[in-house]
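Under my numbering, the first residue of the sequence shown is numbered 276, with each subsequent residue one higher.
Just so it is clear, CB atoms sit at the ideal spot from N, CA and C, and this is done for glycine as well.
Small disclaimer: the values here were computed from a predicted structure and weren't measured.
Note sheet for the following structure.
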Amino acid sequence: LLKVSIIGRPNVGKSALFNRLVRRREALIHNTPGDHVTRDIREGIALAGKTRYKVLDTPGLEVGAGRTVTIPERARELTGTLLSGSDAAL
């Protein structure tokens, strides 16, 4: 299956888009400014016409996090790893 990753800053609606694409409420959605709700990668199967593809929800991608391993830093590492193995990104 084609693999599509949803990439973006924290709290911009990546998980809401993921839920719409997979047509189920699989990803946790919460309006918490300044906090990461999605901390791990979530995978699901989406359908566009007759084409099935794997869609991946990612933690928010923040630029300029500190040198210690924080939640934003871990999220950036996970997102970078996932992006390198994807066929496309939104």
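Extent of the continuous alpha helix (DSSP H) run through residue i
{"i": "arginine 295", "result": "289-297"}
N- and C-terminal bounds of the beta strand (DSSP E) containing residue i
{"i": "arginine 327", "result": "326-332"}
{"i": "leucine 277", "result": "277-281"}
{"i": "leucine 322", "result": "317-323"}
Classification of residue i by the beta-carbon crowding that lies within 10 angstroms, buried from 16 upward
{"i": "aspartate 332", "result": "buried"}
{"i": "isoleucine 281", "result": "buried"}
{"i": "lysine 289", "result": "buried"}
{"i": "leucine 296", "result": "buried"}
{"i": "leucine 322", "result": "exposed"}
{"i": "arginine 300", "result": "exposed"}
{"i": "arginine 284", "result": "exposed"}
Contact under 8 Å by Cβ, residue i with residue j
{"i": "serine 361", "j": "valine 287", "result": "no"}
{"i": "leucine 365", "j": "lysine 329", "result": "no"}
{"i": "leucine 353", "j": "isoleucine 316", "result": "yes"}
Three-way DSSP call (helix, strand, coil) for residue i in this model
{"i": "serine 359", "result": "helix"}
Any non-hydrogen atom of the ligand HEM within 7 Å of residue i CB
{"i": "leucine 357", "result": "Questions concerning the ligand HEM fall outside what the structure shown contains, since it holds no ligand whatsoever."}
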